Amino acid sequence: MENKNTANGDCGCDPYLLSLVETQPTSTNKKTGRSTGLLLASITGGAAIALSVVCFPFVSPALRRVVLPYVPASTKQVENVMKALSASKSTGKKLIDLGSGDGRIVLAAGQKGFQSHGVELNSVLVLYSKFAAWKQRINNVTFSRQDLFKVDYTKYNNIVIFGVEEMMPELEALFEKSLKSSSQVIACRFPLPNWKPSNVIGEGIDTVWVYEV
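Residue 1 is where the sequence shown starts when you use full-length UniProt numbering, and the numbers rise one by one after that.
Following this line, the structure appears as structure tokens:
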């Protein structure tokens with residue numbers, strides 16, 4: 001009977017060495033698969049990090065003393081603020097938005113003829129707002145990176161604030177010391193705890209409380 005290993009024996013090669021050579025492609029395939037897996041993991045991880053960097057400015061706290069994540073105003077909220085401004089008894093047309101976020105309140109007020117300024121601690125959101133104003137060609141609006149507790153409020157007749165409940169008492173005390181007469185405060189989402197509003201517009205999270213000073 002013919003030996004099936006005759007071909008290997010005829011070449012005069014060591015059978016052990018031949019076995020190493022025969023299994024080499026399998027080992028190479030394993031290494032290639034491992035390299036591909038590492039490459040895909042690196043790409044996925046890099047994409048996740050990049051996404052986090054882009055999103056972070058839009059969810060980080062916008063105000064320093066109270067953790068106030070950036071939450072954009074709804075269309076209805078903007079409309080309610082504009083209604084409050086149009087019904088204002090104040091003759092002044094200067095407005096400041098505290099924690100202006102992406103600038104939509106400031107831009108909407110600017111389109112209504114108000115000289116509007118947005119105060120925001122997040123520098124990325126400030127740049128975004130400035131770009132939006134430039135893109136929409138609204139020239140009577142400005143934005144700055146500034147702490148709302150260090151603002152000169154005597155320059156403004158209309159103050160808009162989208163706050164959280166915990167910060168409203170401190171803001172109320174600040175307004176009592178800083179606001180000039182004949183100005184108004186428009187509080188969104190949460191009212192000032194002790195002041196009596198002259199007007200209430202909307203309902204739910206879109207509610208706007210108007211206070212005449």
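Where is the CB? At the ideal position from N, CA and C, for every residue including glycine.
Just so you know, these numbers come straight off a predicted model, no measurement behind them.
query: Below 8 Å, can you find three or more Cβ-Cβ pairs linking the stretch 140 to 158 to the stretch 178 to 191?
result: yes
- request: Could you tell me which uninterrupted beta strand (DSSP E) segments, each at least 3 residues in length, are contained entirely in the stretch 141 to 189, listed from first to last along the chain?
  value: 141 to 145, 158 to 162, 184 to 188
query: Taking DSSP as the reference, what is the three-state secondary structure of P197?
result: The sequence position of residue 197 within the sequence shown is 197, counting from 1. If DSSP states are grouped into helix, strand and coil, P197 belongs with coil.
- request: Per DSSP, which residues does E203 bridge with? Please list them.
  value: Numbered from its first residue, the sequence shown carries residue 203 at position 203. DSSP lists no partner for E203.
- request: Inspect the CB distances between the stretch 160 to 168 and the stretch 124 to 140 and report whether three or more fall short of 8 Å.
  value: no
field: Alpha-carbon spacing of V81 relative to I186, whole angstroms
entry: Counting from one through the sequence shown, the residue named residue 81 turns up at place 81. Counting from one through the sequence shown, the residue named residue 186 turns up at place 186. Looking at the two C-alpha atoms, the distance is approximately 7 Å.
- prompt: In the DSSP assignment, what are the bridge partners of E120?
  reply: Along the sequence shown, read from residue 1 onward, the residue named residue 120 stands at position 120. Partner(s): R145.
Backbone CA spacing between S129 and E120 [nearest angstrom]: By 1-based counting over the sequence shown, the position of residue 129 is 129. By 1-based counting over the sequence shown, the position of residue 120 is 120. So the alpha carbons of these two residues sit roughly 10 Å apart.
task: With DSSP as the reference, label V71 as helix, strand or coil.
output: In the sequence shown, residue 71 corresponds to position 71, counting from 1. In this structure, V71 counts as coil in the three-state DSSP scheme.
- request: Within its chain, find whatever has a CB closer than 7 Å to the CB of L107; leave out the 5 residues flanking it on each side and keep chain order.
  value: Translated into the one-based positions of the sequence shown, residue 107 becomes position 107. Once the five neighbours on either side are set aside, the close Cβ partners of L107 are A132, A133, Q136, I138, V141.
- prompt: Given L98, which residues of its chain have a CB within under 6 Å of its CB, disregarding the five upstream and five downstream residues?
  reply: Counted from its first residue, the sequence shown places residue 98 at position 98. So the list reads V119, L148, I161, once near-sequence residues are dropped.
- prompt: Alpha carbon to alpha carbon, how far is S144 from E203?
  reply: Residue numbering aside, residue 144 sits at position 144 when the sequence shown is read from its first letter. Residue numbering aside, residue 203 sits at position 203 when the sequence shown is read from its first letter. When rounded, the distance between both Cα atoms is 31 Å.
query: Which residues in the same chain as V200 place their Cβ atom closer than 8 Å to its Cβ, once the five residues preceding and following it in sequence are excluded?
result: In the sequence shown, counting from the first residue as 1, residue 200 sits at position 200. Excluding sequence neighbours, V200 sits near T207, V208, W209, V210.
- prompt: Does the distance from the CB of N194 to the CB of E172 come in under 8 Å?
  reply: In the sequence shown, the residue the question calls residue 194 occupies position 194. In the sequence shown, the residue the question calls residue 172 occupies position 172. Their beta carbons are under 8 Å apart, which means N194 touches E172 by this criterion.
message: When you compare the CB positions of L95 and A109, do they come within less than 8 Å of one another, or not?
response: To locate residue 95, count along the sequence shown from 1; it is residue 95. To locate residue 109, count along the sequence shown from 1; it is residue 109. Yes, Cβ-Cβ distance for L95 and A109 is below 8 Å.
query: DSSP three-state call for K83: helix, strand or coil?
result: Here the question's residue 83 lines up with position 83 in the sequence shown. In the structure shown, K83 sits in a helix (DSSP, three-state: H, G or I).
Residues near S74 by beta carbon distance below 8 Å, same chain, minus five either side: As a first step, residue 74 must be located in the sequence shown, where it is residue number 74. Closer than 8 Å at Cβ, skipping near neighbours: I205, D206.
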